[in-house]
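Under our numbering, think of the first position of the sequence shown as 37, with each following residue one higher.
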Amino acid sequence: MAEVVADAGGDAPATDLALLAVSGSQGTPLQLASTAPSVGQSVVAIGAPKGLAFSLSRGVVSQLRDGGEIVQTDAALNGGNSGGPLLDDRGCVVGIATFILRDSQGLNFAVSNQVIRPFLNAPLIARAPAPAPAPAPAVGGAGELASASCFFRSFKQSQGEEIGCSVHARLNANGHTVYDVAWADGYRSSYVFWSDGAVEILAKGSSGEPELHRGRYRPHRRGVEISSNEGSITVLPAADPVVN
37 MAEVVADAGG DAPATDLALL AVSGSQGTPL QLASTAPSVG QSVVAIGAPK
87 GLAFSLSRGV VSQLRDGGEI VQTDAALNGG NSGGPLLDDR GCVVGIATFI
137 LRDSQGLNFA VSNQVIRPFL NAPLIARAPA PAPAPAPAVG GAGELASASC
187 FFRSFKQSQG EEIGCSVHAR LNANGHTVYD VAWADGYRSS YVFWSDGAVE
237 ILAKGSSGEP ELHRGRYRPH RRGVEISSNE GSITVLPAAD PVVN
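This is the structure in structure tokens:
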């Protein structure tokens, strides 16, 4: 049995990801490759094309597309491979099979591990309620930290603006506390605070696809101030964020 816990939206190839909770015998998890795949690198695809379980095909990384988010490979992929791993020679995951180009040969594609890693750290769209973190700031109800006003100033602005927002805390698959912010203008962003003062920010970029940014945070009279490495400033009404 498998249940979808969270997904990345699925509105583009690079967001064709889902996090599943699987019941049954415990297996040995595959490790994500620590570096991005490179053109010419040997890869292996594993899946169940046409229902033929645990089928293996071999190829190379033909090219990296969309800024490295999509891996093009000539390793054979068929129906039943989608969602299966693309492995390097050490057995580490460099991608997840996602689509092929019809009426072609050897034009197959996978979501890169450079997209998979930030998704696992902070999945964008929760499909099942996550347990409330502990300890949690004493603001709002269980998991709901604030529903008030956030401040934001982009690196292009000389003055920022107040925007209605709600902040919700949850635990991700790695047990880290993630703060999801729903902005009144429809924008969505997620924040993970670390004990060394660093913060990871997952938000949709100008292309509309999720991007991982980094920055620093510090206490603010209204909550916490976040300065991204790109120059934007955000103030969230989370009184005392749980750090990881």
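Cβ atoms here follow ideal geometry from the backbone N, Cα and C, with glycine treated the same way.
Residues bridged to residue i (per DSSP)
i: residue 215; result: 205, 227
i: residue 146; result: 107, 133
i: residue 187; result: 198, 271
i: residue 39; result: 57
i: residue 246; result: 240
i: residue 299; result: This structure does not reach residue 299, given that the chain is present from 37 up to 280, and the question cannot be answered.
Same chain, Cβ closer than 8 Å to residue i, five either side skipped, listed in chain order
i: residue 92; result: 80, 81, 82
i: residue 239; result: 223, 224, 225, 226, 246, 247, 249
i: residue 229; result: 213, 215, 235, 253, 260, 277, 278, 279, 280
i: residue 120; result: 81, 82, 83, 84, 132, 133
i: residue 101; result: 107, 108, 145
i: residue 210; result: 156, 157
i: residue 118; result: 83, 133, 134, 135
i: residue 256; result: 271
Short Cβ contact (7 Å threshold) for residue i with residue j
i: residue 231; j: residue 251; result: no
i: residue 111; j: residue 94; result: yes
i: residue 78; j: residue 107; result: no
i: residue 201; j: residue 214; result: no
i: residue 89; j: residue 122; result: no
Supposed close pair residue i, residue j - CB separation, criterion 8 Å
i: residue 129; j: residue 99; result: With a Cβ gap of about 19 Å, residue 129 and residue 99 do not count as contacting.
i: residue 253; j: residue 261; result: 6 Å
i: residue 152; j: residue 132; result: 6 Å
i: residue 1; j: residue 280; result: Nothing in the structure corresponds to residue 1, since the chain is present only between 37 and 280.
i: residue 157; j: residue 208; result: 6 Å
i: residue 220; j: residue 237; result: About 19 Å separates the two Cβ atoms, so there is no contact after all.
i: residue 55; j: residue 72; result: No, residue 55 and residue 72 are not in contact; Cβ-Cβ is about 21 Å, not under 8 Å.
i: residue 268; j: residue 140; result: No, residue 268 and residue 140 are not in contact; Cβ-Cβ is about 41 Å, not under 8 Å.
Proximal residues to residue i (C-beta, below 6 Å), its chain only, five neighbours per side dropped
i: residue 44; result: 51, 53, 155, 160
i: residue 270; result: 188, 262
i: residue 67; result: 128
i: residue 186; result: 199, 201, 272
i: residue 142; result: 110
i: residue 233; result: 252
i: residue 58; result: 38
Beta-carbon proximity list for residue i, same chain, < 7 Å, skipping 5 on both sides
i: residue 116; result: 83, 84, 85, 86, 87
i: residue 114; result: 85, 86
i: residue 196; result: 187, 188, 189, 269
| task | Go through the stretch 52-140 residue by residue and report every complete run of the beta strand (DSSP E) that reaches 3 residues or more, in order. | result | Positions of the beta strand (DSSP E) runs, each at least 3 residues long and wholly inside the stretch 52-140, are given as 54-58, 78-83, 91-101, 106-109, 121-123, 129-136 in order along the chain.
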